[in-house]
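Numbered as in the UniProt record's numbering, the sequence shown ends at 706 without a single skipped number.
Data block below; observations after.
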Amino acid sequence: MEKTYNPQDIEQPLYEHWEKQGYFKPNGDESQESFCIMIPPPNVTGSLHMGHAFQQTIMDTMIRYQRMQGKNTLWQVGTDHAGIATQMVVERKIAAEEGKTRHDYGREAFIDKIWEWKAESGGTITRQMRRLGNSVDWERERFTMDEGLSNAVKEVFVRLYKEDLIYRGKRLVNWDPKLRTAISDLEVENRESKGSMWHIRYPLADGAKTADGKDYLVVATTRPETLLGDTGVAVNPEDPRYKDLIGKYVILPLVNRRIPIVGDEHADMEKGTGCVKITPAHDFNDYEVGKRHALPMINILTFDGDIRESAQVFDTKGNESDVYSSEIPAEFQKLERFAARKAVVAAVDALGLLEEIKPHDLTVPYGDRGGVVIEPMLTDQWYVRADVLAKPAVEAVENGDIQFVPKQYENMYFSWMRDIQDWCISRQLWWGHRIPAWYDEAGNVYVGRNEEEVRKENNLGADVALRQDEDVLDTWFSSALWTFSTLGWPENTDALRQFHPTSVMVSGFDIIFFWIARMIMMTMHFIKDENGKPQVPFHTVYMTGLIRDDEGQKMSKSKGNVIDPLDMVDGISLPELLEKRTGNMMQPQLADKIRKRTEKQFPNGIEPHGTDALRFTLAALASTGRDINWDMKRLEGYRNFCNKLWNASRFVLMNTEGQDCGFNGGEMTLSLADRWILAEFNQTIKAYREALDSFRFDIAAGILYE
């Protein structure tokens, strides 16, 4: 061993040696118990962040520990195609380099461009995973859009459709007007902001009066532009001021639409005026109220978020309806939504119907990628009927087939699963698994694995023109199949037989619903054991907390407090660190503040500490399920500890060279000191195993350090 400990000189050559020798592969001994972990697939576009480093350190600790016990271990690796994130990266790239949009390319050529880009940069994240020392089986690496996984996705879609568990319907979704696609709740960022509450008079119809003799109701709203799509006013059925008006009508200002007054708990007597306008096509709560009272839905917005030239009127089931006129006053047509807000307020005011404007604290939903305000939008999308799939998935956790560590997360899981909504699985993007559905000219829909199968199954001749659905599947749809599709399903492979159900899933609590729950639902529906009993995807879910900065703030690019794990391994100079934190910012106005903060925190950049010091620090901070405040001082301390281990190992080797240390199987005479050392050693092993068996990586690290 060299005299001084220099991680740079030993870590990479050692890792390459291990990988070449095949040390990370399953040992193939089927008489031994199997142990399998599936890596949560990081986005192929991305680079590793602290959360990845943390979770992967925990997984590597588990897999190496089980491998040392002689088990047949598999740590399955792979990456995710990350639909919207990848498409945006490539769109930005072609805009910056060629001044083109994806529409200039057309769908096929643009998708080719993404595959090209993946070939160039898709390797970044796997290089970084090697640098972290992850002992994954690289020969089995998968990608969510490789041929095998794409076939599994089609297979699942077709089977669910045939079982009537997938359907197409018109419902309200989070719509990003900039990206022009539906997005999931996880991609919506709620921001607090100062806004206004407008109080508007809605004249009562047919000479009706309120309890205090007024011939109008005052409705409070934070989004006056949606007034054009109102189809009702809700009051609380217990409210003495208005309960006698339930069943009567108001005349909607500006549009003169006659709309009913309904009694609904959604109207809060204590809030605003107690009267709430109901716009089922533009608000999630109103949509539910509308369903309860069979109110029509009127969509007044285009996919870009502008006011339409004429509205779309639907009944509660989403069928076109002529119950109301589709006319929109000319002065509002084609206006951008926030310009329409001003115009509607001015028009209401001109009629003397604006009672007052109050300042109001708002929570406004923004798209985390497009950065614009999200509109609830009535669109045709594909859905999975989740309640049927959720039932066995709830039972699996109730009866202990799947255990959460820490246990408190089971409650979070149950609360969502017992009140589960249908899952919107379509996205209006180009990059992703295209929906395997075709339409004929009459609008009939045919679902199959490919067009040839569709034509054959439905006796459609070559004279029948078919066009494939333009949409792609939500990225979480393919991720939900991760534990079994990566092992070769729908084929009944040896790998599936040996390694499924998998042993442990390591995940952050923020994706319990998006990923963990959906994996459990999909796996139990499609994978059965030899007795036909549904198989769980994993036996244990180990939940990690988030890694925050030293002040407990969430790490984010806009705060400028992100630390790249590899910068702590290999070191980085201050100028490079500043460039990394302030270059290519979405909000360049924050650059100065971030620069000052970085110069204060890392005046000389970041020293190299080596992979082992980083991993040891992460393990030492890993107390179950709690968020971690990152601490550079701990990292420095553990770098010194690695140095001590190195020196101690050198000392032992120097003093045992040429000695018989019992390797030859000869009798050893043990001194009292020897026996004491062995007893201490065995006590340490016992305590260490107990810590690792109960997922207390922090205690295990502490035992070593002590």
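Ideal placement from N, C-alpha and C gives every residue a C-beta, glycine not left out.
Since we're looking at a predicted model, the values are computed, not measured.
Go ahead and label residue i buried or exposed: buried means 16 or more other beta carbons lie within 10 angstroms of its beta carbon, across all protein chains shown.
i	result
Asp286	buried
Lys533	exposed
Ser558	exposed
Tyr705	exposed
Phe54	buried
Pro603	exposed
Gly560	buried
Met59	buried
Lys435	Residue identity differs from the one stated: residue 435 is Ile in this sequence, not Lys. Ile435 should be labelled buried.
Lys71	buried
residue 710	No answer is possible for residue 710: the residues shown for the chain start at 1 and end at 706.
Leu14	exposed
Ser507	buried
His17	exposed
Phe681	exposed
Ser135	buried
Met68	exposed
Can you list, in chain order, the residues of its chain with a C-beta nearer than 6 Å to that of residue i? Leave out the 5 residues immediately preceding and following it.
i	result
Ile39	Val77
Phe404	Glu410, Val541
Asn458	Tyr446
Phe45	In the sequence on display, residue 45 carries Thr and not Phe. Correct list, in chain order: Ala82, Ala85, Thr86, Val89.
Phe477	Ile425
Tyr638	Ala613, Phe616, Thr617
Arg581	Gly560, Ile594, Thr598
Ser573	Gly605
When the Cα atoms are used, what is the spatial distance from residue i to residue j?
i	j	result
Phe137	Val372	The sequence given here places Asp at residue 137; Phe does not occur at that position. So the two alpha carbons sit approximately 41 Å from each other.
Ala396	Val504	15 Å
residue 716	Asp349	Given a span of 1 to 706 for the chain in the structure shown, any question on residue 716 remains unanswerable.
Trp430	Ile357	43 Å
Asp304	Thr124	35 Å
Gly133	His49	15 Å
Met129	Gly122	12 Å
Asn319	Lys407	45 Å
Glu441	Trp382	20 Å
Ile512	Tyr413	7 Å
Arg385	Val158	14 Å
Pro376	Thr226	11 Å
Leu149	Thr486	7 Å
Thr656	Met543	44 Å
Leu578	Lys93	22 Å
Asp422	Ser479	17 Å
Thr483	Pro537	6 Å
Thr598	Ser694	38 Å
Asp550	Gly367	28 Å
Arg467	Met522	28 Å
Thr316	Met297	7 Å
Glu98	Ile516	40 Å
Ala182	Glu30	46 Å
Leu186	Asp564	23 Å
Trp115	Asn43	14 Å
Asp264	Val153	42 Å
Gly448	Ile527	21 Å
Phe509	Val562	20 Å
Arg142	Thr475	15 Å
Which residues in the same chain have their Cβ closer than 7 Å to the Cβ of residue i, if we skip the five residues on either side of it in sequence?
i	result
Ile278	Asp230, Thr231, Gly232, Val233, Ala234, Asp286, Val289, Gly290, Leu295
Ile259	Asp230, Thr231, Gly232, Val233, Tyr249, Val250, Leu252
Ser47	Thr124, Ile125, Gln128
Val388	Leu165
Ile699	Ala691
Asp570	Pro608
Would you verify that the beta carbon of residue i is, or is not, closer than 8 Å to some beta carbon of chain D?
i	result
Val405	The structure shown contains no chain D; it holds only a single protein chain.
If I'm right that residue i touches residue j with Cβ under 8 Å, what's the distance once you round it to whole angstroms?
i	j	result
Leu616	Ala701	One point to set straight first is that residue 616 is Phe, not Leu, in the sequence displayed. The Cβ separation is near 6 Å, so the contact holds.
Leu566	Asp627	So it is not a contact: roughly 22 Å between Cβ atoms.
Pro490	Glu147	13 Å between Cβ atoms; not a contact.
Ile200	Leu353	6 Å
Val345	Trp198	6 Å
Val255	Leu217	Going by Cβ atoms, the distance from Val255 to Leu217 rounds to 16 Å, so no, they are not a contact pair.
Skipping 5 residues on each side, what residues in its chain have a beta carbon closer than 8 Å to that of residue i?
i	result
Gly662	Met668
Asp322	Val313
Asp529	Gln535
Self-check item: Sufficient close CB pairs (3 or more, under 8 Å) joining the segment 491-511 to the segment 157-176
Solution: no
Quiz item: Touching or not, the segment 178-193 and the segment 433-440, by the rule of three or more beta carbon pairs under 8 Å?
Solution: no
Practice problem: State whether the segment 260-271 contacts the segment 328-337, with contact taken as three or more CB pairs (one from each stretch) at a distance under 8 Å. | Solution: no
Quiz item: Any contact of the segment 99-106 with the segment 60-75, i.e. 3+ C-beta pairs under 8 Å?
Solution: no
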